[in-house]
Structures are given as structure tokens and as C-alpha cells.
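What follows is one structure encoded as C-alpha cells, with my remarks underneath.
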Amino acid sequence: MVAPSVEPRGRDGTRGVHVELVSRTFAGRRGLVPALAGVSLHAAPGEIITVVGPSGSGKTTLLELICGLQTPDDGTVRSEPAALMPQRDLLLPWLGALDNAALALRARGLDRTRARAAAAPWLQRFGLAGFEDARPTALSGGMRQRVSFLRSLLAGKPVLALDEPFAALDAITRAEMQAWLAATLAAEPRTVVLVTHDVEEAVLLGDRVIVLSPRPGRVTSEIAIELRRPRRRTAPELIELRERVYAALGMSA
Amino acid sequence: MRRVLAPWRPVVLLAVLIGIWEAYVDTGGADPLILPSPHAVASSLFDDRALLWSNFVVTAGEVLLGILVAAVAALAVAVAMHFFITLRRALYPLLIASQTIPVPLLAPVLVLWLGFGLLPKLIVVALVSFFSIVITTLAGLAAIDPDLIKLMRTFDASRWRTFRHVELPAALPGVFTGTKIAVIVAVIGAVFAEQSGASSGLGYLFEQSIPQLLTARAYASVVMLSLFAIALFAVLTLAERLTLPWAHQPPGDRPSS
Numbered sequence: 001m002v003a004p005s006v007e008p009r010g011r012d013g014t015r016g017v018h019v020e021l022v023s024r025t026f027a028g029r030r031g032l033v034p035a036l037a038g039v040s041l042h043a044a045p046g047e048i049i050t051v052v053g054p055s056g057s058g059k060t061t062l063l064e065l066i067c068g069l070q071t072p073d074d075g076t077v078r079s080e081p082a083a084l085m086p087q088r089d090l091l092l093p094w095l096g097a098l099d100n101a102a103l104a105l106r107a108r109g110l111d112r113t114r115a116r117a118a119a120a121p122w123l124q125r126f127g128l129a130g131f132e133d134a135r136p137t138a139l140s141g142g143m144r145q146r147v148s149f150l151r152s153l154l155a156g157k158p159v160l161a162l163d164e165p166f167a168a169l170d171a172i173t174r175a176e177m178q179a180w181l182a183a184t185l186a187a188e189p190r191t192v193v194l195v196t197h198d199v200e201e202a203v204l205l206g207d208r209v210i211v212l213s214p215r216p217g218r219v220t221s222e223i224a225i226e227l228r229r230p231r232r233r234t235a236p237e238l239i240e241l242r243e244r245v246y247a248a249l250g251m252s253a
Numbered sequence: 254m255r256r257v258l259a260p261w262r263p264v265v266l267l268a269v270l271i272g273i274w275e276a277y278v279d280t281g282g283a284d285p286l287i288l289p290s291p292h293a294v295a296s297s298l299f300d301d302r303a304l305l306w307s308n309f310v311v312t313a314g315e316v317l318l319g320i321l322v323a324a325v326a327a328l329a330v331a332v333a334m335h336f337f338i339t340l341r342r343a344l345y346p347l348l349i350a351s352q353t354i355p356v357p358l359l360a361p362v363l364v365l366w367l368g369f370g371l372l373p374k375l376i377v378v379a380l381v382s383f384f385s386i387v388i389t390t391l392a393g394l395a396a397i398d399p400d401l402i403k404l405m406r407t408f409d410a411s412r413w414r415t416f417r418h419v420e421l422p423a424a425l426p427g428v429f430t431g432t433k434i435a436v437i438v439a440v441i442g443a444v445f446a447e448q449s450g451a452s453s454g455l456g457y458l459f460e461q462s463i464p465q466l467l468t469a470r471a472y473a474s475v476v477m478l479s480l481f482a483i484a485l486f487a488v489l490t491l492a493e494r495l496t497l498p499w500a501h502q503p504p505g506d507r508p509s510s
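Residue numbers (this note's numbering), protein chains in the order written: chain A, 1 to 253; chain B, 254 to 510.
Pasting the structure below:
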């Protein structure tokens with residue numbers, strides 16, 4: 001299988017992701033709305049960091065800053081090239097699963113035949129064999145998220161910015177997809193920044209959990225998750241760490 | 254699909270209405286020279302078929318060509334307005350305002366200017382069709398999720414490739430919707446243009462038939478115009494379902510995980 005070619009490093013020689021005292025404020029209807037206030041976080045190459053925080057803590061803004069879709073008002077963001085996986089799958093309704101997965105390749109200028117040929121073995125590996133030409137309306141929620149993840153993976157960026165990838169799924173499918181993502185990243189390591197409001201997801205998937213405060217987002221704590229993989233969500237150590245994250249969020253579990 | 258192909262209820266209602274009309278004229282409710290009975294219209298459709306057909310071909314050509322010109326121009330203008338916000342802000346109010354220009358008065362001015370040939374008809378048909386296609390195409394482009402554009406940016410897609418892979422396909426259903434709406438006004442536009450000065454066409458034939466008291470033939474040309482618009486609408490609906498099946502696909506059975 002042809003691995004997606006990964007760009008070696010950022011233009012300025014940066015490795016991993018470095019967010020340094022970043023602030024970002026938006027002009028809202030009732031004046032200025034601060035989204036992030038002095039956030040610092042780092043992800044070493046190959047590290048999976050998960051960012052948890054309540055709604056409105058600037059999680060999506062953080063990812064867009066890392067992807068270069070926004071610039072900070074204050075502070076610096078240095079990162080290797082990052083591909084976004086949006087919260088909703090945003091698959092194109094006129095394309096089948098294979099063409100949707102190959103979109104990043106088409107965006108780089110590959111012709112349809114070559115893009116499809118490069119994406120096809122991945123679709124199979126992601127358990128979507130037989131659904132190559134199925135349009136999004138014919139796919140289940142879990143399948144759509146897998147196609148969406150594959151699309152971002154095939155962008156060939158060293159960093160993946162995942163925005164609440166499983167928030168729209170039902171609880172059972174979500175649990176399946178979390179296990180699937182953990183296995184996929186074990187086989188296909190990337191530097192990952194995953195934002196979520198699901199504490200269990202953060203602890204299950206992350207090497208490190210970063211806790212953000214309510215708006216404006218600020219890092220309140222960082223919790224290293226030094227558990228061997230694959231992890232069981234019912235392991236006592238994991239449940240203990242989950243409670244520490246809840247406590248850091250100011251909630252008693 | 255079934256609802257389109259099995260319109261038996263409106264057919265029954267139409268038959269009843271035609272029956273009432275026939276009875277009204279046959280029982281002396283109106284002078285047949287002023288209001289021809291449906292069966293007189295039907296026999297004119299048959300007896301004058303060669304004349305009606307040769308004039309129909311002219312009008313159909315004007316309408317089809319005019320709509321085609323309008324659809325291509327509207328897609329181009331909508332895309333330009335989508336890309337250039339300044340153009341959009343400048344042009345959008347003018348487009349809306351242009352709809353207040355009465356076509357029946359525009360047609361003779363154009364005929365005076367451009368003569369009795371095909372060109373003024375084409376312009377009138379294209380002008381009246383253009384508006385609805387631009388508006389629906391713009392709506393299709395505006396409905397694209399901004400996050401999708403951001404996604405394409407993180408994939409390093411150029412502006413052109415984002416347009417080609419995301420925006421253009423998303424705009425196409427709007428082109429079809431606008432064109433279907435345009436069909437109705439396009440036929441009306443063609444008739445007005447022909448009445449302002451022409452030597453053939455169903456609008457011209459209608460205009461000629463009234464003073465000669467050939468009212469059945471006048472009504473027969475109206476029937477043909479109406480059937481033409483309906484057929485065009487149906488063909489466009491079918492073409493849309495064949496070329497853009499995803500735009501109307503109901504959520505089907507989905508696998509469970």
C-alpha cells in the first residue's frame with residue numbers, strides 16, 4: 001500500500017506543534033468576544049494531544065490557528081503543515097466514498113484515476129470495501145467519519161487537527177470509532193491535536209490531556225496519560241485519570 | 254418520480270373543466286366566433302397542423318436558444334458575483350430592480366432597434382430567463398458550508414481547484430432550478446417579442462388569427478405554447494434527475510455502523 005507522502009517538516013524547520021501564549025478575539029454582535037487568552041501548548045512529533053474544554057472555550061479556533069486558517073492577535077503559532085478534520089463530516093454529496101476520500105489528492109492536482117487508485121487500498125483497510133461508489137446518504141454515520149478521516153489523512157500532512165470528530169455519533173458507534181481511531185493512529189502515527197468535550201475520549205486517545213477553561217479559553221492544567229495501548233475504557237487507572245480531568249474542569253465526577 | 258408520471262387527478266379536473274366549457278359554448282352561452290368550443294380548438298389543432306407546426310418550430314427555437322444563452326450567461330455571472338464581493342454588492346440590487354421593467358414594453362423597443370429577425374426574440378427570452386437562474390445559482394453557491402472551503406485550504410487546494418471540485422458542482426442544482434422557473438417566463442417573453450414584430454412563430458400566428466376571426470386557431474396556438482412549456486419543464490426535471498441524482502436523493506437505507 002502506498003503511504004500518503006508526508007511533508008517532512010514545517011517551512012521554518014519546526015517539528016511538531018508549538019502554540020505560544022496565543023490570544024484571539026472576535027468582533028461579536030455585542031462587542032469583542034475573546035476566544036483564547038494566552039494559550040500555550042506543544043505537541044512533539046508523533047504525539048497525540050487531546051484538548052478538552054466546555055463549549056465556547058475556543059477549541060475550534062485553536063485548531064484553525066494550528067492549520068493556518070487564522071492568525072493569532074497575540075502570541076505565536078508554529079506548526080508543521082496540518083490537515084483539518086472538521087466536526088461535521090462535510091462529505092460532498094455528489095461523490096462516492098472513494099472520490100470523497102481522494103478529495104485531498106485531487107486538491108493537490110492528481111487526476112481522478114490516480115487519486116482513486118491511491119485512495120482505494122485505504123478505503124479497503126478502513127473497512128469500506130464495497131462502498132467505493134456509495135454516496136454519503138447511503139453511508140452510516142461511522143462510515144462517513146471514517147471517509148472524512150481518510151480524506152484528511154490522505155492530505156499527507158504530518159499534523160492532523162481533529163475537531164470533535166465523533167461528537168455527532170451515537171454512543172455505541174462513538175465508542176467503536178474511538179477504538180478504531182486509536183488502532184489506526186497506532187499503525188499510522190501522526191502528530192495529532194484532537195479537541196473534544198468528551199472527557200473519556202480525551203483520556204482514552206491522548207498521550208496528554210490539555211484542559212481549557214470556559215471562554216476565554218486558557219490552559220488550566222495538563223495531564224499526562226501514561227497508560228499502555230491499547231487502552232480499556234474500564235481500566236481503573238483510566239477511570240482515575242478521567243476523574244482528575246473532570247476535577248480540572250471544575251466538575252466532581 | 255411516480256408523482257410526476259401519474260398526474261391523473263389534475264387530468265380528471267382538466268377534463269371536467271373542458272367539459273363545462275364545451276357545454277357552455279354548445280348550449281349557446283357564447284358566440285363560437287368569440288369563444289371557440291374545445292372541440293373546435295381540437296379540430297384546428299388537427300386541420301392546421303402543418304401551419305401550427307412550422308410556426309411552433311420558430312418559437313421553440315427562440316425559447317430553447319434564449320434559455321440556453323441565459324443559463325450559460327447566468328452561471329458565468331453568478332460565479333463572478335460569488336468570487337468578487339464588490340461586483341456582487343454592485344450588481345445584486347440592479348438585478349432585482351431590473352425585474353420591474355415590463356417585458357411587453359421592452360419587446361417593441363428591441364424590435365425597433367434590432368429588426369424583425371431572431372436576435373430581438375432571443376434577447377427578450379434570455380433577459381426574462383436570466384434573472385431566476387442567476388438568483389438560484391447564487392443561492393446554491395452561498396449555501397456552501399464555509400468549513401468546506403477551509404478544509405480545502407488545509408489541503409492546499411488552489412482557488413481554482415476549490416471551485417472546480419466543490420463550488421461548481423454545488424451550484425449546478427441551482428442552475429436547473431432557475432432554468433425550470435425560467436421556462437414559463439421564457440415562453441411568455443417569446444410571444445411578446447413575436448407580437449412586437451415577426452413574420453412567423455406561434456405568437457405571430459395568434460396575432461394574425463384574431464382579426465381574421467380564426468379564434469379556434471388562435472386558441473390552438475395557445476394550447477401548443479402551453480404544452481411546449483410543460484414538456485420543457487418535464488424534460489428539464491428528468492435531465493436534472495439523470496445528471497444530478499444526488500441533489501434529490503432521499504436518505505435511503507443506511508448500514509448500521
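Idealized CB from N, CA, C, for every residue including glycine.
If you're wondering where the values come from, they're calculated on a predicted model, not measured in any experiment.
Close-in-space but distant-in-sequence residues of the same chain around residue i (CB under 6 Å, 5 per side omitted)
{"i": "residue 230 of chain B", "result": "This structure leaves residue 230 of chain B out entirely; chain B is present only between 254 and 510."}
{"i": "residue 301 of chain B", "result": "470"}
{"i": "residue 71 of chain A", "result": "none"}
{"i": "residue 34 of chain A", "result": "25 and 216"}
{"i": "residue 32 of chain A", "result": "25"}
{"i": "residue 190 of chain A", "result": "160"}
Spatial neighbours of residue i in its chain, beta-carbon cut-off 8 Å, leaving aside the 5 residues before and after
{"i": "residue 218 of chain A", "result": "36, 37, 38, 39 and 212"}
{"i": "residue 369 of chain B", "result": "450, 451 and 452"}
{"i": "residue 169 of chain A", "result": "141, 142, 145 and 177"}
{"i": "residue 230 of chain A", "result": "179, 182, 183 and 186"}
{"i": "residue 396 of chain B", "result": "423"}
Nearest-angstrom beta carbon gap, residue j and residue i [assumed within contact, 8 Å]
{"i": "residue 238 of chain A", "j": "residue 192 of chain A", "result": "Residue 238 of chain A to residue 192 of chain A, Cβ: 19 Å. No contact."}
{"i": "residue 375 of chain B", "j": "residue 315 of chain B", "result": "6 Å"}
{"i": "residue 164 of chain A", "j": "residue 196 of chain A", "result": "5 Å"}
{"i": "residue 225 of chain A", "j": "residue 207 of chain A", "result": "6 Å"}
{"i": "residue 84 of chain A", "j": "residue 67 of chain A", "result": "5 Å"}
CB contact check: residue i to chain A, cutoff 7 Å
{"i": "residue 413 of chain B", "result": "no"}
{"i": "residue 254 of chain B", "result": "With a pLDDT of only 48 at residue 254 of chain B, under 50, the local geometry of the prediction cannot be trusted, and the value read off the model is given with reservation. No, its Cβ sits nowhere closer than 7 Å to a Cβ of chain A."}
{"i": "residue 454 of chain B", "result": "no"}
{"i": "residue 396 of chain B", "result": "no"}
{"i": "residue 334 of chain B", "result": "no"}
Selection from the options that minimises the alpha carbon distance to residue i
{"i": "residue 51 of chain A", "options": "A:226, A:221 and A:228", "result": "A:221"}
{"i": "residue 279 of chain B", "options": "B:491, B:291, B:429 and B:380", "result": "B:291"}
{"i": "residue 45 of chain A", "options": "A:249, A:132, A:16 and A:174", "result": "A:16"}
{"i": "residue 248 of chain A", "options": "A:231, A:80, A:227 and A:209", "result": "A:209"}
{"i": "residue 293 of chain B", "options": "B:274, B:308 and B:309", "result": "B:274"}
{"i": "residue 306 of chain B", "options": "B:353, B:345 and B:480", "result": "B:480"}
{"i": "residue 82 of chain A", "options": "A:244, A:161, A:60 and A:198", "result": "A:161"}
{"i": "residue 232 of chain A", "options": "A:223, A:86, A:200 and A:66", "result": "A:200"}
{"i": "residue 136 of chain A", "options": "A:98, A:125 and A:127", "result": "A:98"}
{"i": "residue 250 of chain A", "options": "A:92, A:240 and A:53", "result": "A:53"}
{"i": "residue 342 of chain B", "options": "B:260, B:391 and B:268", "result": "B:391"}
{"i": "residue 490 of chain B", "options": "B:296, B:360, B:429 and B:444", "result": "B:429"}
{"i": "residue 409 of chain B", "options": "A:107, A:28, A:22 and A:60", "result": "A:107"}
{"i": "residue 93 of chain A", "options": "A:119, A:138 and A:246", "result": "A:138"}
Within-7 Å CB hit, residue i to chain B
{"i": "residue 94 of chain A", "result": "yes"}
{"i": "residue 86 of chain A", "result": "yes"}
{"i": "residue 144 of chain A", "result": "no"}
{"i": "residue 69 of chain A", "result": "yes"}
{"i": "residue 90 of chain A", "result": "yes"}
{"i": "residue 43 of chain A", "result": "no"}
{"i": "residue 155 of chain A", "result": "yes"}
{"i": "residue 232 of chain A", "result": "no"}
Residue i Cβ short of 6 Å to the ligand SAH heavy atom set
{"i": "residue 172 of chain A", "result": "What this structure holds is no ligand at all, so the ligand SAH is not there to describe."}
Under 7 Å between C-beta atoms of residue i and residue j
{"i": "residue 389 of chain B", "j": "residue 442 of chain B", "result": "no"}
{"i": "residue 154 of chain A", "j": "residue 105 of chain A", "result": "yes"}
{"i": "residue 116 of chain A", "j": "residue 102 of chain A", "result": "yes"}
{"i": "residue 64 of chain A", "j": "residue 158 of chain A", "result": "no"}
{"i": "residue 425 of chain B", "j": "residue 497 of chain B", "result": "yes"}
{"i": "residue 96 of chain A", "j": "residue 129 of chain A", "result": "no"}
{"i": "residue 14 of chain A", "j": "residue 78 of chain A", "result": "yes"}
{"i": "residue 466 of chain B", "j": "residue 286 of chain B", "result": "yes"}
{"i": "residue 364 of chain B", "j": "residue 373 of chain B", "result": "yes"}
{"i": "residue 400 of chain B", "j": "residue 69 of chain A", "result": "no"}
{"i": "residue 327 of chain B", "j": "residue 265 of chain B", "result": "no"}
{"i": "residue 75 of chain A", "j": "residue 132 of chain A", "result": "no"}
Own chain, CB closer than 7 Å to residue i, minus 5 neighbours either side, in chain order
{"i": "residue 382 of chain B", "result": "319, 320, 323, 435, 438 and 439"}
{"i": "residue 173 of chain A", "result": "141 and 142"}
{"i": "residue 205 of chain A", "result": "48, 50, 178, 181, 182 and 194"}
{"i": "residue 405 of chain B", "result": "415 and 419"}
{"i": "residue 167 of chain A", "result": "87"}
{"i": "residue 482 of chain B", "result": "436, 437 and 440"}
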